[in-house]
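K.L.:
The structure follows.
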Amino acid sequence: MSKLLRERQARLQAAKSLISPVTDQQHIDELLSVDSSNQSILIPEFQLATPDESAAERILDDLEQQFARNNLNTLIENARQQVISSVVPLGIGRKLAEHDQLGGNVDTTHNVRNEIYATEVAQQRYEDREAYDNRRYHNEHDNYNHHQREGAKQVKEGRLVDESTGTIFKTNDKGKTDKNLDHVVSSHEVHNDRAANLAGIDTADLANKDENLKFINASVNKTKSDDTLDQYLSQRSDRIESKKKRIQQLESQSNLSEQQQNELKNAKNYVEKQQAVDEERFKKLDQDARKAINSDVDKAYYKSKEFMTNSAVSVGKNGLKMGLSAAFGLLLSNFFNNLFDEVIDCYQNGKESDSLIQELTIRFKRIVQKAKEDWKPVAKAFAVGCVSGFLSEITTILINMFATTSKRIVTCLREGGLSLLRAIQFALFPPAGISAQQATHEASKILCTGLVITGGILLDEVIEKLIVTATPFLTPIANLASGIVSSALVAIVSCLAVYLIDKADLIGAMREKRTEFIRDELDSGLKQSLATNKQLTEVKLPC
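The UniProt record's numbering puts the first residue of the sequence shown at 1, with every later residue one more than the last.
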């Protein structure tokens, strides 16, 4: 209560103490026997109090200062809980982070193509793949032979297109063309595709898809060979220049042997065919072929029982692990908080028993009893942790379908996701008596603290490496030392972050809380004043 309000209450209380609620009958008789003509009864005079604006301002200033002191005291009192609530999850998070791995816990087609496997089974299956057999991808495959027949038919009709240039194939004097049926994505590349092996798909069928079989001239096909299109195009200019130099050397000679004449003829044909290549057209063919192949691989794998089973197991394990860690973290936090409370109580109020063993037993039972009473928050923490674990693992799997997540990203997704879910839960389902603004404000603290803990987990690894590098003699205790340093930093930064959020008050929650405090204090003071005034006015004077 404000100082000025307390002073006013004191004055009213003093006035109240001067009035006796019961008058002695003897005094009344004496008063009635006195001649009223010679005596007069003093009648108190009442007048309206004039408003004192300066006093009102002082009251408001005093209340605002009191609110600030209360808020600071609350922050200091909560600092211990904040430190414990930050350090305990950090320690648990460090243990969980040790099991995080590059690319997550489930194999994806994107990751295995980058030689990143989540399971040894999938990796070993690729190592044990059968050797490449050229016949399976060419003359022994029905679709390959079908395209050969269609190509021969189109040559006779004069409409077979050289897909590397976009021009119609021309026949020579013998009625033949220099066409080759090319695997746009080479059969060797498809055979050795880790994703296709992961999906368990027949690579011969995959390589001989319609989108991957195109007729191009023999010169380009032989030069391209088993290279990817990017590899072929990157060397194309140098190869052309090399052939041109050879042509100049041969043409500078007067007498060429038959072998040199054939070499000159082939070199000129090579330069002509290579220069005629339409790079953009060729790139489009490659993109279409890869898109068709990748689509078949992804459909086969992501609809497979293997992927579904591995994903379900991983999501379930991660959800359960996060649920248990969240519940265990809250239990530990409550235990340490209650332990500190008992130590402080013992110091301030003394022991409850002369026996040390009995004293410890009494206080430990009280700690256990409090833990039993707090089972609902622990159960809620388990549920929130499970949901967070489910969502973070699903998110990790989805991301790894397109990009590989590092160990740190996996950690951030797990810890950050838990903090985000807790913040959303608090904002959407706040405790009774808290406005939407205040709930959002408190949720921002939860999210911020969670992000600080996540940063602490990531920083812990960096600190440990720095300790090992800078002070090699501390290597045996580097893990312990980094844990102490990162825990201290997390505790300090968490408290500072909470204080700064309150200080910034971006959404006006603290302003609203301060207004409620001042209103409640004024209402309380006014009610007490009215009650005292009522008692004063109820005193009856004799007539």
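Just so you know, even glycine gets a beta-carbon here, dropped at the ideal spot from N, CA and C.
#1: Out of curiosity, what's the CA-to-CA distance linking F524 and L530?
#2: Assess contact between the segment 374-385 and the segment 417-437, defined as three or more Cβ pairs (one per stretch) separated by less than 8 Å. Is contact present?
#3: Run through the DSSP bridge pairs and tell me what I492 is partnered with.
#4: Touching or not, the segment 179-194 and the segment 282-291, by the rule of three or more beta carbon pairs under 8 Å?
#5: Cα separation between R149 and K321?
#6: With a Cβ-Cβ cutoff of 8 Å, do I116 and T395 count as a contact?
#7: My guess is that R194 and R113 are in contact by the Cβ rule of under 8 Å, so how many angstroms apart are they, rounded?
#8: Only counting the same chain, and skipping five residues up and downstream in sequence, which positions put a Cβ closer than 6 Å to that of residue 544?
#9: Please tell me whether H188 and D226 are closer than 8 Å, where the distance is taken between their beta carbons.
#10: Hey, out of N318, Q259 and A470, whose CA is closest to F390's CA?
#11: On the three-state DSSP scale, how would you describe D178?
#12: Among all the DSSP beta bridges, which residues are the ones paired with K214?
#13: Just how far apart, CA to CA, sit S237 and D133?
#14: Decide if Q259 is buried, meaning its Cβ has at least 16 other Cβ atoms within 10 Å, or exposed.
#15: In three-state DSSP terms, what is T167?
#16: Mind checking which residues open and close the alpha helix (DSSP H) that includes Q235?
#17: Which residues mark the beginning and the end of the alpha helix (DSSP H) in which R135 is found?
#18: Could you have a look at D162 and say whether DSSP puts it in helix, strand or coil?
#19: Kindly indicate which three-state DSSP category N294 falls into: helix, strand or coil?
#20: DSSP three-state call for P431: helix, strand or coil?
#21: If you measure between the beta carbons of I216 and S164, is that distance less than 8 Å?
#22: What did DSSP end up calling Q101 once you bin it into helix, strand or coil?
#23: Measuring straight from C-alpha to C-alpha, what distance separates N533 and S486?
#24: Could you say which of A218, K179, K214 and N269 lies nearest to I240 if we only look at CA atoms?
#25: Excluding sequence positions up to five away, which residues of its chain have a Cβ less than 7 Å from the Cβ of T203?
#26: Count the CB pairs spanning the segment 437-451 and the segment 487-502 that are closer than 8 Å, and state whether there are at least three.
#27: Check this for me: beta carbons of E352 and S435, under 8 Å apart or not?
#28: Rounded to whole angstroms, what is the Cα-Cα separation between D61 and G104?
#29: Measure the Cβ-Cβ separation of K153 and F169 and say whether it is below 8 Å.
#30: On the three-state DSSP scale, how would you describe L360?
#31: Return the CA-CA distance between E57 and G433, expressed in angstroms with no decimal places.
#32: Over what stretch of residues does the alpha helix (DSSP H) that includes Y347 continue unbroken?
#33: Run the CB neighbour count on H441, radius 10 Å, all protein chains shown included, and call it buried at 16 or more, exposed below.
#34: Once you ignore the five residues that flank R514 on each side, which residues in its own chain have a CB closer than 8 Å to its CB?
#35: Helix, strand or coil: which one does DSSP assign to I201?
#36: Look at the alpha carbon of D505 and the alpha carbon of E516, and state the distance between them as a whole number of angstroms.
P.N.:
The relevant details are as follows:
#1: Start at 1 with the first residue of the sequence shown, and residue 524 comes out as number 524. Start at 1 with the first residue of the sequence shown, and residue 530 comes out as number 530. With the sequence shown as reference, residue 524 is identified as Ser, and Phe is not the correct amino acid for it. Roughly 10 Å separates the two Cα atoms.
#2: Yes: at least three Cβ pairs fall under 8 Å.
#3: Taking the sequence shown and counting its residues from 1, the one referred to as residue 492 is at position 492. According to DSSP, I492 bridges with nothing at all.
#4: Contact between the segment 179-194 and the segment 282-291 is present, because at least three Cβ pairs lie under 8 Å.
#5: As a first step, residue 149 must be located in the sequence shown, where it is residue number 149. As a first step, residue 321 must be located in the sequence shown, where it is residue number 321. Cα to Cα, the separation comes out at about 59 Å.
#6: Taking the sequence shown and counting its residues from 1, one reaches residue 116 at position 116. Taking the sequence shown and counting its residues from 1, one reaches residue 395 at position 395. No. Outside cutoff.
#7: One-based indexing of the sequence shown puts residue 194 at position 194. One-based indexing of the sequence shown puts residue 113 at position 113. Rounded to the nearest angstrom, the Cβ distance from R194 to R113 is 5 Å, consistent with a contact under 8 Å.
#8: Here the chain covers residues 1 to 543 and nothing more, so residue 544 does not appear.
#9: As a first step, residue 188 must be located in the sequence shown, where it is residue number 188. As a first step, residue 226 must be located in the sequence shown, where it is residue number 226. With contacts defined by Cβ atoms closer than 8 Å, H188 and D226 form a contacting pair.
#10: Position 390 of the sequence shown, counting from 1, holds the residue named residue 390. Relative to the Cα of F390, the nearest Cα in the group N318, Q259 and A470 belongs to N318.
#11: Taking the sequence shown and counting its residues from 1, the one referred to as residue 178 is at position 178. Three-state DSSP puts D178 in coil, outside helix and strand.
#12: Position 214 of the sequence shown, counted from the first residue, corresponds to residue 214. D182.
#13: Counting from 1 along the sequence shown, the entry for residue 237 is found at position 237. Counting from 1 along the sequence shown, the entry for residue 133 is found at position 133. Whole-angstrom Cα-Cα distance: 32 Å.
#14: For the purposes of this step, residue 259 is taken as the residue at position 259 of the sequence shown. Exposed: under 16 other Cβ atoms inside 10 Å.
#15: For the purposes of this step, residue 167 is taken as residue 167 along the sequence shown, with counting starting at 1. Taken through DSSP and simplified to helix, strand or coil, T167 comes out as strand.
#16: Position 235 of the sequence shown, counted from the first residue, corresponds to residue 235. For Q235, the enclosing alpha helix (DSSP H) has its first and last residue at L229 to E251.
#17: Numbered from its first residue, the sequence shown carries residue 135 at position 135. Looking at the DSSP string, the run of the alpha helix (DSSP H) that includes R135 is N134 to Y137.
#18: Position 162 of the sequence shown, counting from 1, holds the residue named residue 162. Looking at D162 - three-state DSSP - the assignment turns out to be strand.
#19: Position 294 of the sequence shown, counted from the first residue, corresponds to residue 294. N294 sits in a helix when the DSSP states are folded into three classes.
#20: Stepping through the sequence shown from its first residue, residue 431 is reached at position 431. Look at P431 here: in three-state DSSP terms it is coil, with no helix or strand label.
#21: Numbered from 1 along the sequence shown, position 216 holds the residue referred to as residue 216. Numbered from 1 along the sequence shown, position 164 holds the residue referred to as residue 164. In this structure, S164 lies closer than 8 Å to I216 by Cβ.
#22: Reading the sequence shown from its first residue, position 101 is the one you call residue 101. If DSSP states are grouped into helix, strand and coil, Q101 belongs with coil.
#23: The residue labelled residue 533 in the question sits at position 533 within the sequence shown. The residue labelled residue 486 in the question sits at position 486 within the sequence shown. Rounded to the nearest angstrom, the two C-alpha atoms are 60 Å apart.
#24: In the sequence shown, counting from the first residue as 1, residue 240 sits at position 240. Of A218, K179, K214 and N269, the residue nearest in Cα terms is N269.
#25: Reading the sequence shown from its first residue, position 203 is the one you call residue 203. Counting only Cβ-Cβ distances below 7 Å, and skipping sequence neighbours, we find V190, H191, D193 and A196.
#26: Yes, they touch.
#27: On the sequence shown, residue 352 is found 352 positions in, with the first residue counted as 1. On the sequence shown, residue 435 is found 435 positions in, with the first residue counted as 1. The Cβ atoms of E352 and S435 lie no closer than 8 Å to each other.
#28: To locate residue 61, count along the sequence shown from 1; it is residue 61. To locate residue 104, count along the sequence shown from 1; it is residue 104. One C-alpha to the other measures close to 57 Å.
#29: Counting from one through the sequence shown, the residue named residue 153 turns up at place 153. Counting from one through the sequence shown, the residue named residue 169 turns up at place 169. Cβ atoms of K153 and F169: not closer than 8 Å.
#30: Numbered from 1 along the sequence shown, position 360 holds the residue referred to as residue 360. It is helical.
#31: Position 57 of the sequence shown, counted from the start, is the residue given in the question as residue 57. Position 433 of the sequence shown, counted from the start, is the residue given in the question as residue 433. Straight across, the Cα-Cα distance linking E57 with G433 is about 29 Å.
#32: Stepping through the sequence shown from its first residue, residue 347 is reached at position 347. The continuous alpha helix (DSSP H) containing Y347 extends over residues K305 to N349.
#33: Numbered from 1 along the sequence shown, position 441 holds the residue referred to as residue 441. Counting Cβ neighbours within 10 Å, H441 comes out buried, since at least 16 surround it.
#34: As a working note, residue 514 is residue 514 in the sequence shown. Within the same chain, R514 has close Cβ partners E64 and F67.
#35: Stepping through the sequence shown from its first residue, residue 201 is reached at position 201. I201: coil per DSSP, three-state reduction.
#36: Start at 1 with the first residue of the sequence shown, and residue 505 comes out as number 505. Start at 1 with the first residue of the sequence shown, and residue 516 comes out as number 516. For D505 and E516, the distance between alpha carbons rounds to 15 Å.
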